[in-house]
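**Student:**
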Amino acid sequence: MAPMSFMAELTQTDGAQLLEVVARALDQCVADGTQLQVDPSDFDASVQQEAASFVTLRREDGSLRGCMGSSAATRPLICDVAINTHAAASRDPRFAPLTLAERPGLEPSVSVLSALEPLHVTDTDDLVRQLRPGVDGLLLVDGRHRGTLLPAVWDVIAEPERFVTEVKAKAGWAPDYWSSTLAAFRYTAQSFGPS
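In structure tokens form, the structure reads like this:
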């Protein structure tokens with residue numbers, strides 16, 4: 047199955063299916079620690095397409111409780127969401143695994159990523175100039191290090207320079223890091239769940 051652009055393709059019904067899988071995956075994870083297995087054929091064709099996703103878990107007060115995802119489309123979207131839900135609940139290195147007591151107050155959301163668009167940039171200033179604030183997510187890759195921020199993060203970090211600095215920090219780099227082998231990609235995302 048070829049990756050597709052979801053910005054005009056996914057409906058609220060599709061989003062409801064994704065969020066239903068998130069809920070089931072969270073319930074199973076806190077119940078016995080295992081990952082929910084889904085059969086893509088049980089769902090609409092639109093969510094069977096290969097696509098990359100991020101699952102974000104927030105507490106009732108809006109604070110982050112976990113966020114994990116995929117940057118490239120390698121499996122059916124509905125499966126990607128189930129896998130990333132389990133990862134966000136159990137393997138986000140910033141948090142201990144989710145407990146049963148925390149489950150009732152969680153507000154999950156799903157971001158479905160467009161295909162990655164390579165950016166041809168010469169340095170950090172060039173990268174900052176090419177970013178579209180409020181629109182683009184950013185992925186930076188150099189060797190085994192990578193960092194990304196979803197487009198929704200523009201709601202919190204409005205300055206392009208700081209946005210790039212935060213992506214570098216997620217990859218483990220200093221704010222002034224640059225390398226001739228660094229690859230930059232932008233993407234958009236369609237989100238479902240609480241904003």
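Each residue of the sequence shown is one higher than the last, beginning at 47 in our numbering.
Positions of the beta carbon are idealized from the N, C-alpha and C atoms, including for glycine.
1) For the beta strand (DSSP E) that contains P221, what are its first and last residues?
2) My output table needs one value for V158: the three-state DSSP class, helix, strand or coil.
3) Report the three-state DSSP secondary structure of R232 (helix, strand or coil).
4) Which word fits T227, buried or exposed, when buried means at least 16 other C-beta atoms lie within 10 angstroms of its C-beta?
5) Alpha carbon to alpha carbon, what distance is there between D85 and C125?
6) In the DSSP assignment, find the beta strand (DSSP E) that holds A98 and state where it starts and stops.
7) With H, G and I counted as helix, E and B as strand and the rest as coil, what does DSSP make of V210?
8) Return yes when the Cβ of P150 is within less than 8 Å of the Cβ of L177, no when it is not.
9) Just checking my contact of A235 with S157 at CB under 8 Å: how many whole Å lie between their CB atoms?
10) What three-state label does DSSP hand P122 in the structure shown?
11) Express the C-alpha separation of A69 and P49 in angstroms, rounding to a whole number.
12) How would you call P154, buried or exposed, if buried means at least 16 neighbouring beta carbons within 10 angstroms?
**Tutor:** According to the structure data:
1) From DSSP, P221 is part of no beta strand (DSSP E); its letter is neither H nor E.
2) strand
3) strand
4) exposed
5) 8 Å
6) 98 to 104
7) helix
8) no
9) 4 Å
10) strand
11) Low confidence applies to P49: its pLDDT is 41, below 50, so where it sits in the model is not reliable, and the reading given next is rough at best. Each residue's Cα considered, the two are about 25 Å apart.
12) buried
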